[in-house]
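Quick notes on the structure that follows.
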Amino acid sequence: MARKRAPTRDRPAIPSGRLSRHWQAGLAAFMEASTDAFILFDEKLNVVALNPAAEKLACLSEVAAGRATGDHILDHNPDLEARGTYQRYLDVMATGEPVTCDHVAEHPESGLMYLSVRAFKVGDGLGLTISDVTARRVAEEALNESESRNRELTDLLPMTVFEANNDGSLTFVNRQGLESTGYTHEDVEAGLEVARLLVPGDRERAAQNIEERLDGGGSAGTEYTALRKDGTTFPIRVHSSAVVRDGETVGLRGVVVDLTEQRQAEEALQRSESYYKRSEEHTSELQSHSFI
């Protein structure tokens, strides 16, 4: 005897907007609070959205920011093409490989600003995170002044400042550097090596880069994974150059930027894009089936 089939209920289609409401709210709150500027572009590099930090960076009011949505990236930055930046952004969308570059801009209120711009693929479009690194540049310039005065000044800066000798041992780390890694002045005085502050997989590459810097090569910024004293890790970008005294290279000097917030933002954007696509596919699948 055939088993009686249990009755089924019609399942209403669930709007994708409702499915993604939680993600939208969380992402919006994150972007609203971030001190870094975030700008999203579609596959044609037209502005889709920008957060308050981006509006502030561009000195836009809410009305002006609304008008900027839909504009092409070259409408407000025509020099990107001449500098080759526009093509790099196209390459990011084509390959999925992110790029980071430094940019100098004249802000109508703040004056000269140094910016670090990271471009990464989001869906079929492009995401930009823009960080004001003017303080970092001030730190680099300050390090070229009186050594004793510099070391007092660097303890006030919100990023890591360090010096190392030719053997790769740290000779100075500012307060922020010690706090972010968990090491102490005693560790530095005992000969703390730069390699111990990086995960094992990055140490060989770092050693090669250090040799290049000691030979006079500059650094536009190299990314590593830092290793704290307690074994936890976080992403960083290191800018460094050789220290030369009386014509002789005596070590390395640089600054370290913590990329944790930037990476969290990128991951949130990418997860959100993936979630929206899955939600839309699920909704389409439900709507395409009829239920008995």
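Per our numbering, residue 1074 is the first one in the sequence shown, and the count goes up by one each step.
Don't be surprised by glycine CBs; every beta carbon is placed ideally from N, CA and C.
Here the structure is a predicted model, which means the values were calculated and not measured.
The segment 1264-1277 and the segment 1145-1157 do not touch, with fewer than three beta-carbon pairs separated by less than 8 Å. Between Ala-1192 and Val-1206, the beta carbon gap of about 16 Å keeps them out of contact (Cβ cut-off 8 Å).
The segment 1270-1313 is shown to contain whole beta strand (DSSP E) runs of 3 or more residues at 1295-1300, in chain order. Taken atom to atom, the span from the alpha-carbon of Gln-1249 to that of Glu-1236 is near 14 Å.
By the C-beta criterion, the segment 1304-1312 is judged to be in contact with the segment 1322-1338, since at least 3 inter-stretch pairs fall below 8 Å. Shown here for Thr-1257: same chain residues with a beta carbon closer than 7 Å to its own, the five before and five after excluded, namely Leu-1251 in chain order. Looking only at Gly-1274, Ser-1253, Arg-1286, the smallest Cα-Cα distance to Lys-1302 is reached by Ser-1253. In the same chain as Thr-1322, and ignoring 5 residues on each side of it, the C-beta atoms closer than 6 Å to its own belong to Leu-1287, Ala-1315, in chain order.
Looking only at Arg-1326, Thr-1168, Thr-1108, Thr-1227, the smallest Cα-Cα distance to Ala-1126 is reached by Thr-1108. Counted as a single uninterrupted DSSP element, the beta strand (DSSP E) harbouring Met-1186 occupies residues 1184-1195. Nearest Cα to Glu-1213 within the set Leu-1271, Tyr-1187, Asn-1282, Gly-1241: Tyr-1187. Proximity to Glu-1277 across Val-1328, Gly-1241, Gly-1290 peaks at Gly-1241, based on C-alpha coordinates. By alpha-carbon distance to Gln-1343, the top candidate from Ser-1189, Ala-1208, Leu-1113 is Leu-1113.
As a beta-bridge residue in DSSP terms, Glu-1266 pairs with Ser-1242. DSSP places Ala-1167 in the helix class (H, G or I) of the three-state scheme. With respect to the 8 Å criterion, Ser-1313 and Leu-1300 are not classified as neighbours on the basis of their beta carbons.
Between the alpha carbons of Leu-1271 and Gly-1290 lies a distance of about 21 Å.
Take the alpha-carbon of Ile-1203 and the one of Ala-1167: they are about 21 Å apart. When beta bridges are read from the DSSP output, Thr-1202 appears opposite Phe-1111, Arg-1191. Under DSSP, the beta-bridge partners assigned to His-1145 are Asn-1119. Asp-1175 is the residue among Thr-1142, Gly-1143, Asp-1175 whose C-alpha sits nearest the C-alpha of Arg-1156. With a beta-carbon spacing of about 5 Å, Ala-1215 and Leu-1226 fall inside the 8 Å limit used to define contacts.
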